[in-house]
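One structure is given here, and the rest of the page talks about it.
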Amino acid sequence: MAVQFHQTCRLVQPSSSPIGSLPSIVAGDIHRRSSMMIFNTNNGNRKGLSSSVKVRSSLETAGPMVVVGQVTEVNQDTFWPLVHAAGDKTVVVDMYTQWCGPCKVMAPRFKELSEKYLDVVFLKLDCNKENRALAKELGIKVVPTFKILKDSKIVKEVTGAKFDNLVGAIEAVRSS
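Residue numbers for the sequence shown follow UniProt numbering, beginning at 1 and rising by one.
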């Protein structure tokens, strides 16, 4: 099941209601946690009658997106938008490099965690030269480093390939 935090709405017309009887609604970007909203409108010509318009979020929009149960690769352009869009959800970020042996050992275990904790957003950031500025901003000195964020703030950090410490940190933040 795909979850997208920054969503675009599209108008879904009820088949029983002609378009002329509904007010104009412009679909655009929204920041909502629900997948459906109902707008009730009163028709000025018919007292007491109302019609409903369903607006559903589209999962087929451009832009950063995370998938529940999977690890999402991010870069310096997509990292903060996804973290901010996660809101009060726990976010775990794996800071790694392609050449790091311990990072390669932790990668499949990190993926297992993403499949286990479906209420947590799992991101991976390759600390290569394209993302060096973000890695520096986040204070990365060694890889692998795992940052755990809540409300867009770093609340815990685990350095090195310490799987049990990472699980403990995730559990602590989830339960807080």
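Ideal Cβ placement from N, Cα and C applies to all residues, glycine included.
- Under the 10 Å beta carbon count, asparagine 131 is surrounded by 16 or more other beta carbons and is classified as buried.
- The three-state secondary structure of valine 83, taken from DSSP, is helix.
- As the crow flies, the alpha-carbon of valine 91 is around 16 Å from that of leucine 134.
- For lysine 150 against aspartate 88, the beta-carbon gap comes to about 7 Å, under 8 Å, which counts as contact.
- Of the candidates Val66, Met65 and Gln76, Gln76 places its Cα closest to the Cα of leucine 138.
- Burial check for proline 108: the Cβ neighbour count within 10 Å stays below 16, so the residue is exposed.
- Taking all protein chains in view, the Cβ of lysine 153 is surrounded by fewer than 16 other Cβ atoms within 10 Å, so the residue is classified as exposed.
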